[in-house]
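Visitor: Can you keep this structure in mind? I'll have questions shortly.
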Amino acid sequence: MPDSTNSLIKLLIDFNIMAKTVLIVDDSESIREVVNFTLQNEGYEVLVGVDGEDALQYLDGRPIDIIITDLHMPNLDGLGLIRKVREMDAYKHIPILFLTTESQAAKKMEAKQAGATGWIIKPFVPAKLLSAISRVLR
Amino acid sequence: MIKEIRNTFIKEASLNLELIEQGIQKYSSNDSNPELAEIVYRTMHTLKGSGPMFGFDYLPEITQPIEKAYQYLFQTEAELSEEVITKTSEVVAFIKESLSNPDTHLPESWGKKSVLIEFFNNLCQLNAETHD
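These protein sequence lines map, in sequence, to chains L and G. Residues in the first sequence are numbered from 1 upward in steps of one, following my numbering. Residues in the second sequence are numbered from 1001 upward in steps of one, following my numbering.
Structure below.
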């Protein structure tokens, strides 16, 4: 890509003009739908995984700005996912937020040690989710 | 759109509650089902977190003590007593009824709610004392 195109893309991203891509991972269909609806309304591009294993298909080098994942999921849970992501060169620094009902301090600590950026407790209000995302992406 | 998502939640929750009912049936007929405690624990955990987002504000109050009690039963692989199974069936029936009448928010069996909550709270306390 020419330098001028790269600069333009960077400018668009910096000024939030270009849509950011969010990968949401949750085994609950209703939660996936409500998060997807909330984010798409705000102009985000959304990718959806039904569990950690399913989410890995999107981590193929494509640009993703943030991952929002549940903790308890079948096949590969949130902690397993985050550990795998942190081993990938392309995504080792990507922000990862947990969106979970779990509120135990020990679990939060475990998630932090695995590389989580933040923690949002369900039930959540859309405004809180959006503000957490924009804070992390700033 | 929000109503559609709420319907998805109701459908999803009902399916999970049916899984519990199936597990209870198997358990009752002496076909041991070690996964039952885990299914109940995970379903109550999910309902606690998701319910209020779809207008079921009272779900955390009833699901939290059951989640906590079953977390212990699941982690210790303890046998489920007949009383626990019976009360679990009542809770499942209660939640199913409330989900099938989403706009009333007050199931006919509402009066049973406090009894069920008390039962599972006592069970949690008993589990904690045993654990200590």
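Positions of the beta carbon are idealized from the N, C-alpha and C atoms, including for glycine. Given the structure is predicted, the values throughout are model-derived calculations rather than measurements.
Do F124(L) and M1044(G) have their C-beta atoms within less than 9 Å of each other?
Guide: The residue you call residue 124(L) lines up with position 124 of the first sequence. The residue you call residue 1044(G) lines up with position 44 of the second sequence. For F124(L) and M1044(G), no; Cβs fall outside 9 Å.
Visitor: What does DSSP give as the partner residue(s) for L97(L) in the beta ladder?
Guide: Translated into positions along the first sequence, residue 97(L) becomes position 97. DSSP, once it has assigned bridges, lists I68(L) and G118(L) as partnering L97(L).
Visitor: Would S28(L) pass as an interface residue toward chain G - the criterion being a Cβ-Cβ separation below 9 Å?
Guide: For the purposes of this step, residue 28(L) is identified with residue 28 of the first sequence, where counting begins at 1. Yes, because at least one Cβ of chain G sits closer than 9 Å to the Cβ of S28(L).
Visitor: So, helix, strand or coil for I1020(G), using DSSP?
Guide: In the second sequence, the residue the question calls residue 1020(G) occupies position 20. DSSP places I1020(G) in helix when its eight states are reduced to three.
Visitor: DSSP on E45(L), reduced to helix/strand/coil?
Guide: On the first sequence, residue 45(L) is found 45 positions in, with the first residue counted as 1. Looking at E45(L) - three-state DSSP - the assignment turns out to be strand.
Visitor: Mind checking whether G49(L) and L23(L) have CB atoms under 9 Å apart?
Guide: Taking the first sequence and counting its residues from 1, the one referred to as residue 49(L) is at position 49. Taking the first sequence and counting its residues from 1, the one referred to as residue 23(L) is at position 23. Contact: yes.
Visitor: Please confirm whether P95(L) has its beta-carbon closer than 9 Å to some beta-carbon of chain G.
Guide: As a first step, residue 95(L) is located in the first sequence; it is residue number 95 there, counting from the start. Cβ-Cβ to chain G under 9 Å: no for P95(L).
Visitor: L56(L) lies in the alpha helix (DSSP H); which residues open and close that run?
Guide: For the purposes of this step, residue 56(L) is taken as residue 56 along the first sequence, with counting starting at 1. Neither: L56(L) is in no alpha helix (DSSP H) and is coded neither H nor E.
Visitor: Drop a sphere of 10 angstroms on the beta-carbon of V1115(G), count the other beta-carbons inside from all chains shown, and report buried for 16 or more, exposed for fewer.
Guide: Residue mapping note: residue 1115(G) aligns to position 115 of the second sequence, counting from 1. V1115(G) should be labelled exposed.
Visitor: By the 8 Å beta-carbon criterion, what residues does the segment 1039–1055 of chain G contribute toward chain L?
Guide: If the cut-off is 8 Å between Cβ atoms, the segment 1039–1055 of chain G has R1042, H1045, T1046, K1048, G1049, S1050, G1051, P1052, M1053 and F1054 near chain L.
Visitor: Determine the contact status of A127(L) and F98(L), defining contact as a CB-CB distance below 9 Å.
Guide: Residue 127(L) sits at position 127 when you count from the first residue of the first sequence. Residue 98(L) sits at position 98 when you count from the first residue of the first sequence. No.
Visitor: Please confirm whether T1063(G) and G1055(G) have their CB atoms less than 9 Å apart.
Guide: Locating residue 1063(G) in the second sequence gives position 63, counting from the first residue. Locating residue 1055(G) in the second sequence gives position 55, counting from the first residue. For T1063(G) and G1055(G), no; Cβs fall outside 9 Å.
Visitor: With contact counted as at least three CB pairs below 8 Å, one residue from each stretch, are the segment 29–46 of chain L and the segment 71–80 of chain L in contact?
Guide: No, the segment 29–46 of chain L is not in contact with the segment 71–80 of chain L.
Visitor: When you compare only the Cα positions, how much space is there between C1124(G) and T101(L)?
Guide: Position 124 of the second sequence, counted from the first residue, corresponds to residue 1124(G). Position 101 of the first sequence, counted from the first residue, corresponds to residue 101(L). Each residue's Cα considered, the two are about 19 Å apart.
Visitor: Could you compute how far the alpha carbon of M109(L) sits from the alpha carbon of Y1027(G)?
Guide: Translated into the one-based positions of the first sequence, residue 109(L) becomes position 109. Translated into the one-based positions of the second sequence, residue 1027(G) becomes position 27. Going by the C-alpha atoms only, they are around 36 Å apart.
Visitor: Restricting to Cα atoms, I'd like to know which of K1011(G), A1078(G), K1048(G) and I1095(G) is closest to S103(L).
Guide: For the purposes of this step, residue 103(L) is taken as the residue at position 103 of the first sequence. Among K1011(G), A1078(G), K1048(G) and I1095(G), the Cα nearest to that of S103(L) is on K1048(G).
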